[in-house]
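Numbering (UniProt numbering), first residue to last: 1 to 259.
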Amino acid sequence: MYHLAKGLYLLATSKEEYSVILLGLDNAGKTTFHEQVKSFFLPSHPDPKLKTVPTVGQNVSTITLPDMYLKIWDVGGQHSLRRLWQSYYASAHAIVFIIDSTDIGDGNLEHDSSGRLEECRLVLEDVLQHSETEGVPVLVLANKQDREDCVEVVRIKEGLVKKVFEGEKASSIRDSRVLPVSALTGTGGREGGGGVGEVASEVEQGVEAAGDAVMLRTGNVRFGSRGNDVSQIIRAAFLEFGPKRRTSTLREKMFTTNI
Numbered sequence: 001m002y003h004l005a006k007g008l009y010l011l012a013t014s015k016e017e018y019s020v021i022l023l024g025l026d027n028a029g030k031t032t033f034h035e036q037v038k039s040f041f042l043p044s045h046p047d048p049k050l051k052t053v054p055t056v057g058q059n060v061s062t063i064t065l066p067d068m069y070l071k072i073w074d075v076g077g078q079h080s081l082r083r084l085w086q087s088y089y090a091s092a093h094a095i096v097f098i099i100d101s102t103d104i105g106d107g108n109l110e111h112d113s114s115g116r117l118e119e120c121r122l123v124l125e126d127v128l129q130h131s132e133t134e135g136v137p138v139l140v141l142a143n144k145q146d147r148e149d150c151v152e153v154v155r156i157k158e159g160l161v162k163k164v165f166e167g168e169k170a171s172s173i174r175d176s177r178v179l180p181v182s183a184l185t186g187t188g189g190r191e192g193g194g195g196v197g198e199v200a201s202e203v204e205q206g207v208e209a210a211g212d213a214v215m216l217r218t219g220n221v222r223f224g225s226r227g228n229d230v231s232q233i234i235r236a237a238f239l240e241f242g243p244k245r246r247t248s249t250l251r252e253k254m255f256t257t258n259i
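This is the structure we're talking about:
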């Protein structure tokens, strides 16, 4: 009887684990963003390491939320490491693709542009076309919005992201969103947005994230106007969309889980 009661209790109180992968070109700010997330959600974690080195391989953390464990994978973005990304796709419930908004020219694919705009397009298309990412929610972060030389997020939405998601090489309709962020400051850019701590209770209670966003659902576009901070971005990337379910067997096969 005791073992039955214990089993029922564990079943009732158990949490699912979901995986989010951080992708993007090298120097996009993936590791800095990851550090900000850890500093907010993990009380024992020290202040974020804002001076980071290029990731060789992966950084991983597990965030405990009231109703789930959220495993975040920060994967190296150097050209030689991108072929390894596909090893993570099968277990990804959501993808966060981070763009350096200071290194993409004017952000419009139709213009002759400097920076890494074309490289960014090719890499993002490659991610979306992979069979293992079909239907997986994607959040695109226009990072470094605190910089004076950044491209405005609305230009990145219209000039790059929307063209990629709705172009000839788009593999499927999926939940997608574009948000401005400064991983360095932990806010939504120069306008500030809310501080990470200010929306902690909203995130944990599952309140819908507000933000400067474009939703690409079956071609419908919806715009907002408010800034975002790191905690809201995690909500937008994953909790609001609802995770793409993956089988436990596949998760266990792909990754070693330490909770």
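All C-beta atoms, glycine included, are put in the ideal place defined by N, C-alpha and C. This structure is a prediction, so every number in the text was calculated from the model and none was measured.
Self-check item: Residues of its chain near V151, where Cβ-Cβ distance is below 7 Å and the 5 sequence neighbours each way are ignored
Solution: Taking the sequence shown and counting its residues from 1, one reaches residue 151 at position 151. Closer than 7 Å at Cβ, skipping near neighbours: S101, I104, D106 and G107.
Exercise. Could you say which of I21, G186 and L184 lies nearest to I95 if we only look at CA atoms?
Key: Counting from 1 along the sequence shown, the entry for residue 95 is found at position 95. Per the Cα distances, I21.
Quiz item: So who's on the other strand from I99, going by DSSP bridges?
Solution: Stepping through the sequence shown from its first residue, residue 99 is reached at position 99. Partner(s): A142.
Quiz item: With DSSP run on the structure shown, which of helix, strand or coil describes K15?
Solution: The residue labelled residue 15 in the question sits at position 15 within the sequence shown. Three-state result, K15: coil.
Self-check item: Residue range of the unbroken beta strand (DSSP E) whose run includes K157
Solution: Stepping through the sequence shown from its first residue, residue 157 is reached at position 157. Unbroken run through K157: none, as it is neither H nor E.
Quiz item: Along the chain, where does the alpha helix (DSSP H) that runs through D74 open and close?
Solution: Taking the first residue of the sequence shown as 1, we reach residue 74 at position 74. Segment M68 to V75 is the beta strand (DSSP E) holding D74; no alpha helix (DSSP H) there.
Practice problem: Determine which residues share a DSSP beta bridge with I63 and list them. | Solution: Along the sequence shown, one-based indexing puts residue 63 at 63. Note: I63 sits in a beta bridge opposite L70.
Self-check item: Buried versus exposed, by CB contacts within 10 Å (16 or more), K71
Solution: Within the sequence shown, numbered from 1, the residue matching residue 71 stands at position 71. Answer is buried; the Cβ neighbour count reaches 16.
Quiz item: With C-beta atoms as the reference, is T133 less than 7 Å away from D74?
Solution: Looking up residue 133 in the sequence shown gives position 133. Looking up residue 74 in the sequence shown gives position 74. No, they are not a contact pair.
Quiz prompt | Residue burial classification, P137 (beta-carbon count within 10 angstroms, cutoff 16) | solution = Translated into positions along the sequence shown, residue 137 becomes position 137. Classification for P137: buried.
Self-check item: Limits of the beta strand (DSSP E) - the one that V178 falls within
Solution: The residue given as residue 178 occupies position 178 in the sequence shown. Its beta strand (DSSP E) spans residues S176 to P180.
Quiz item: Ordered along the chain, which non-local residues of its own chain (more than five positions away) have a Cβ less than 8 Å from that of R116?
Solution: Position 116 of the sequence shown, counting from 1, holds the residue named residue 116. Contacts found: L25, D100, D103 and I104.
Quiz prompt | Three-way DSSP call (helix, strand, coil) for L122 in this model | solution = Here residue 122 corresponds to residue number 122 of the sequence shown, with the count starting at 1. In this structure, L122 counts as helix in the three-state DSSP scheme.
Quiz item: So H34 is in the alpha helix (DSSP H); what residue range does that whole segment cover?
Solution: Against the sequence shown, residue 34 aligns to sequence position 34. Start and end: K30 to F41.
Quiz item: Quick one: what does DSSP say Q86 is sitting in, helix, strand or coil?
Solution: Within the sequence shown, numbered from 1, the residue matching residue 86 stands at position 86. For Q86, the secondary structure class from DSSP, reduced to helix, strand or coil, is helix.
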